[in-house]
Amino acid sequence: MSTRDLDRAFVWRPYTSSEDHATRDDPVIVGAEGSFLHAEDGTRFFDASGSWWTNNLGYGHPRLKAALHAQIDSFAHVAMSGCTHAPGAELAQRLVEIGPRDASRAMARVFYSDDGSTSVEVALKMALQYWRQNGREARTKFLALPGAYHGDTIGAMSVGGVDEFVDVFRPLLFDVNDAPQPRTPKDWERAIGVMIERLEREPDSIAGVIVEPIVQGAAGMRMYAPRLLSALRDACDRVDTFLIADEVFTGIGRTGTMWACEHAAIAPDILCTAKGLSGGMMPFAATLATQRVYDGFAGDTTRALLHGHTFYGNPLGARLALEVLDVYRDEAILEGVVAKAARLKTWVHGLDVHRPRALGMVAAFDLGDEGYHGRRGWALAEKVRAKGVLLRPLGDTIYLVPPLNVSDEDLETVLDAISTSL
Ligand SMILES: *Cc1c(COP(=O)(O)O)cnc(C)c1O
């Protein structure tokens, strides 16, 4: 049987209807290099969604491959409970050093896990357990933004606000939020205003506020003003509760700064990072916390954070993440993003589309108002695919998240393919 036949016969694909799976002619990938995927039939595609937003440095970066090989030859995995290892310890130090900081706080501790969703579960459990063992037992609720996406596990879905993804699971989810869905900048003001009001109305019940800073990814690359994030930070400070920044998508330079929080010059109490953290090569994640949060767990085993996944601190992922950060430094990746980000912004604002928007190496626009189940995005994707570009639309939303080090030439080819297909 061919790979495609095996796939159609035995695989249950993520976020894919059985109809689409049975009929869609998805390419069979046999290689990947830089921004491109190589298909079995010899065609080459620019991967505009970067393998679900992970491909920050291009496929097959030689330094990342070498780092991974070296770590495999040394040891691939040992549990980080009852022992420790250099990749895990050194990466923790690096993440603390580069973590966002403001006048009142900085990151101080790193807790590892496997993917974005687990890093969010860890953050929620940290916040909840903190208050329960530090005299605020009634703080058991979280606030989240409408349209938020924090992952697909039960806790992460509970704080999620993309109704299409979570409605069917509602009976299992804890109750979170009912602020209005924002679309225009004015709506954002209202949505975040509602959140702040609720925080001030029931401060005794709120364990934390969780947000995707500045850019909501899966909601359709929706963006809001940095000052609204600052306002939320201030509100959390006024009632003394935690702000959790889910930087799983926005972190590691995707929005042009290492962390999207930097656009608002704020630091969260807890931060989640995954996706680009391990260069798009390994499932790997981390949850960072301030000293204050960590201090809330000081004491004996009855006060320890009761959480830990089997592959916690996996040395392959940790070694890769260290190399990713070294490549950012040695190849001046963020400095290189400035001009490319400006180009993306000019390009998207020159298109005849709905709601053009761009920040750092994220550009997006809408072709209609039908949201995630809209088909206009897929119709455009089909046209663009004939020109060698693979898009993965979010319904009516088209977005582009190229590698941060994409060449100018490759970038122009993609922009042209999209412009001429509209
Ligand atoms: C992708 C994503 C997640 C979930 O990450 P997984 O690795 O898919 O579990 C969580 N939060 C945000 C903001 C994301 O974009």
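Anchor point for the sequence shown: position 310 equals 309 in numbering that gives the first Met the number 0, and the numbering is continuous, going up by one each time.
Even glycine gets a Cβ: it sits at the ideal position worked out from N, Cα and C.
From a predicted model like this one, the values you see are computed outputs, not experimental measurements.
Residues that residue i bridges to, as DSSP identifies them
i	result
R108	A288
I209	A143 and I243
M360	Partner(s): none; M360 has no beta bridge.
E32	F35
I397	F364
R221	Q215
L389	D46
Y129	None, per the DSSP bridge assignment.
H353	D365
Y58	G33
Closest Cα partner of residue i within the set the options
i	options	result
L315	Y398, A78 and T412	A78
E411	A206, V347 and T309	V347
R302	G134, W377 and F168	G134
D299	A126, Q132, A69 and M106	Q132
W377	I205, M0, D25 and R3	D25
L123	A206, G59 and D236	A206
P401	E196, S50 and T2	S50
D329	R232, E18 and L63	L63
R200	H372, A234 and M257	A234
L242	A317, S420, F283 and R291	R291
T53	A190, A224 and A284	A284
G370	P181, T139, W130 and D114	P181
R104	D236, Y129, G81 and T256	D236
S406	F45, G81 and P184	F45
T2	S157, S17 and V27	V27
R226	G255, H262 and T240	H262
S116	L144, T183, Y398 and P282	P282
S420	T396, L403, E381 and Y398	E381
T240	L5, A362, E136 and G373	E136
A102	D415, A65, V361 and T289	T289
V383	D365, V352, S418 and A363	S418
A21	E120, L5, V352 and P392	L5
E32	D186, G279, R138 and G367	G279
F74	K386, D325 and G312	G312
M194	T183, P184 and V208	V208
T139	A244, V323, L127 and E334	L127
R342	V413, S17 and S112	V413
R197	D186, I97 and V238	V238
F310	D114, L390 and A155	D114
D174	T183, V158, D186 and R374	V158
Y148	L142, G98 and E211	E211
M360	K344, D368, T152 and G373	K344
V119	L287, L56, N55 and R189	L287
G216	R375, E334 and P392	P392
D151	L144, I71 and L172	L172
A224	D245, D409 and C260	C260
L321	G59, A47 and A66	A66
W258	A297, V214 and Y293	V214
Proximity test, Cβ basis, 7 Å: residue i and chain D
i	result
D409	The structure shown contains no chain D; it is built from a single protein chain.
Using a Cβ distance threshold of 8 Å, determine whether the region 242-254 contacts the region 86-94, with at least three qualifying pairs required. no
Spell out a yes or no on whether the region 10-18 and the region 34-41 are touching, meaning 3 or more CB-CB pairs, one atom from each, closer than 8 Å. no
Which complete beta strand (DSSP E) runs does the region 254-324 hold, if anything under 3 residues is left out? 269-272 and 284-289
Kindly provide the ranges of any beta strand (DSSP E) runs that are 3 or more residues long and lie completely inside the region 67-108, ordered along the chain. none
At what residue ranges does the region 153-203 contain a whole run of the alpha helix (DSSP H), taking only runs of 4 or more? 153-157, 162-165 and 184-200
Quick test of the definition: if touching needs 3 or more C-beta pairs under 8 Å, does the region 159-173 touch the region 226-240? no
Do the region 185-201 and the region 167-175 touch if we need at least three Cβ pairs shorter than 8 Å? no
I want to know whether the region 266-273 touches the region 216-226 - three or more CB-CB distances under 8 Å. no
Any contact between the region 328-344 and the region 96-116? By contact I mean 3 or more CB pairs, one from each, below 8 Å. no
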